[in-house]
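There are 2 protein chains.
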Amino acid sequence: MQKIISLHHKLESMFSHSEENYLKAIYHLGITSVNGVSTNAIAKKLSTKASSVTDMIKKLAEKKVLIYKKYQGVSLTEEGKKTAALIVRKHRLWEVFLVEKLNFNWDEVHDVAEQLEHIKSSKLINEIDALLGFPKFDPHGDPIPDTNGNLHLIEKKLLSTLQINETGICIGVKDSSASFLQFLDKQQIALGQEVEVLEKEDFDDSMTIKINNKKMTVSNKIANNLYIQK
Amino acid sequence: MQKIISLHHKLESMFSHSEENYLKAIYHLGITSVNGVSTNAIAKKLSTKASSVTDMIKKLAEKKVLIYKKYQGVSLTEEGKKTAALIVRKHRLWEVFLVEKLNFNWDEVHDVAEQLEHIKSSKLINEIDALLGFPKFDPHGDPIPDTNGNLHLIEKKLLSTLQINETGICIGVKDSSASFLQFLDKQQIALGQEVEVLEKEDFDDSMTIKINNKKMTVSNKIANNLYIQK
DNA sequence: AATATTTTTTAGACAAGACTAAAAATGTTT
DNA sequence: AAACATTTTTAGTCTTGTCTAAAAAATATT
Ligand SMILES: [Mn+2]
Ligand SMILES: [Mn+2]
Ligand SMILES: [Mn+2]
Ligand SMILES: [Mn+2]
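Protein chains in written order, with the working numbering: chain W, 1 to 230; chain D, 231 to 460.
Printed below as a string of structure tokens:
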């Protein structure tokens, strides 16, 4: 009986709200870097202090979700990666739900999803998934991990890396801050639209593109935050 | 600027998860009792200790959501009542959502709703409300407070109080534990069905009723947990 | 009215998660 | 290699929410 109870509790993830936020942050930071994730990087991402991070990663290391050697940064174990991916799955599915079913704009969903991602119920998230027709991408073009935490990355490059005359489809944003998304709305740029590079300016790295059948010039900062599929 | 920020924070309720649970418990307990709600009653409802309750109600009294005099129990202020009612509103709307949109059975919704009721976003809950067509009752027949926290109580009595030959509609459950709800499912008793009292047994207060066009005998414990509208 | 019982509050402790300040380790220049 | 700068860890403190044990107040019983 003892065994069964502890097993049951293991199924629905036994991590606190705060622990989940750390796992998710380390997961996101770990995708890009090949080495361990540094204490400072985690602190910055979570807007907390490095000393708080040290405390927490010690605790998470004891729980076997990450590997920690003093002064060496951390990396998630397989269990840690899966746990984090399932939180990301929930975050992104909730974002789709908010946009598709509840009339949220794509710049309004993140903060609410930050809360909803911590709700513990596998039936809940799987039913949301089904209600939405098992979407593969969230409103910002980010891929949604499956029930096992696996996620198939798609080939994509930043608009800023395209050459003159290259074309592609706008499939995601790198920066999904409300201000950037609102800027895109104002310019009537949306995911799914075709893009063609017409000119590139060496001086400030701005580009002239054709998108949504309109010609426009975008700064390097913009081009650096739009993902294009070739 | 300072003013605006603090005003904004006031809009989306500045209570912790734990404070919200206390407010809701006191709200539920306060509906029945005309006097203040006792420390022990709160402790029992929240499965915590009386000393913890004393600590928390002092804090909530300072926040002006309840009135507390030592040894006299507590009662919610108007602000406290509204705050609590809006949490109850969220709980019940989420329950409807889970049943109507996500294929949850009425015995599966409570624990998930206990989590979802703490999500802070007025747009979220109002959109859920709209998606559901502004329901007035949750899956257990409990009324859903409106956006101002007002709730119109409906005339209802327990099945156990009906006399022989009286009829009515089954509109709610008093005990909404999973085991009771599962029992009702097994007996094919559901809300909305017509009930007629055929016999009452003095010895054990059991009743024979006609419900869903079937004759059946129910114990007093059952009859004491089913609400009937005349 | 005195005594016993129950309820409530106080006092002191603890765990989680955060912070500051200072020490230690690592990395970078000279 | 030594000095300087940065990163990370440690030590100690704080807040929130909980607990146990003991004291105080309110109720109930004799
Ligand atoms: Mn997001
Ligand atoms: Mn997203
Ligand atoms: Mn419920
Ligand atoms: Mn209910």
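Virtual Cβ for every residue (Gly too), placed ideally from N, Cα, C.
DSSP, read as helix, strand or coil, puts F334/D in coil. Here L253/D carries a helix assignment [DSSP, helix/strand/coil]. Not a single heavy atom of ligand 4 lies less than 7 Å from the C-beta of H258/D.
Taking 7 Å as the cut-off, one finds no heavy atom of ligand 1 near enough to the beta carbon of A84/W. Restricting attention to V197/W, I128/W, K215/W and K90/W, the CA atom closest to the CA of Q187/W is found in K215/W. Near ligand 3, residues with a Cβ at less than 6 Å from any of the ligand's heavy atoms are H321/D, E325/D, H340/D and A343/D; the list follows chain order. Distance check between L389/D and each of S449/D, S406/D, K312/D and L354/D places S449/D closest, using alpha-carbon atoms only. Taken through DSSP and simplified to helix, strand or coil, M216/W comes out as strand. Per DSSP, M56/W lies in no beta strand (DSSP E); the unbroken alpha helix (DSSP H) holding it starts and ends at A50 to E62. Residue state for E347/D is assigned as coil, using DSSP reduced to three classes.
Contacts with chain W at 8 Å (Cβ-Cβ) do not include V329/D. In this structure, DSSP gives Q459/D an extended state, which the three-state scheme calls strand. Looking only at A343/D, E330/D and S352/D, the smallest Cα-Cα distance to T313/D is reached by S352/D.
Sequence-ordered contacts of the region 324-353 of chain D with chain W read L328, K331, L332, N333, F334, E338, D341, V342, Q345, L346, H348, I349, K350, S351 and K353 [C-beta pairs closer than 9 Å]. Between K299/D and the set L323/D, G379/D, D341/D and D285/D, the nearest pair of CA atoms involves D285/D. Put simply, the CB of L132/W is far from chain D, with every gap to its CB atoms at 8 Å or more. The alpha carbon of T147/W has as its nearest neighbour, out of I87/W, L98/W, F104/W and E95/W, the alpha carbon of I87/W.
For the alpha helix (DSSP H) assignment, the uninterrupted runs of no fewer than 4 residues enclosed by the region 343-404 of chain D are, from N- to C-terminal side, 352-361.
Distances between the C-beta of S179/W and the heavy atoms of ligand 1 are all 7 Å or more. In the pairwise beta carbon analysis, the region 453-460 of chain D is classified as touching the region 393-407 of chain D: at least three pairs are separated by under 8 Å. Under a criterion of Cβ atoms nearer than 8 Å, no residue of chain D is adjacent to E166/W; the nearest Cβ is some 40 Å distant. Of all residues in the region 398-417 of chain D, none places a beta-carbon less than 7 Å from a beta-carbon of chain W.
Taking one beta carbon from each stretch, the region 130-142 of chain W and the region 94-108 of chain W have 3 or more pairs nearer than 8 Å; the two touch.
I297/D has S305/D as its beta-bridge partners, per DSSP.
E431/D carries a coil assignment under DSSP once its states are collapsed to helix, strand and coil. One thing to note: V112/W has its Cβ within 8 Å of the Cβ of L354/D. With fewer than 16 neighbouring CB atoms inside 10 Å of its own CB, M14/W falls in the exposed class.
Spanning the alpha carbons of T77/W and Q182/W requires a straight line of approximately 37 Å. Under a criterion of Cβ atoms nearer than 8 Å, the residues of chain D adjacent to I128/W are, in order, L332.
According to DSSP, V37/W shares a beta bridge with V74/W. At the C-beta level, L198/W and I209/W come within 8 Å of one another. Residue environment for H17/W: exposed (fewer than 16 other C-beta atoms within 10 angstroms of its C-beta).
If you compare the alpha carbons of G303/D, D359/D and E431/D with that of N270/D, the shortest gap goes to G303/D.
Secondary structure at V339/D: coil, using DSSP grouped into helix, strand and coil.
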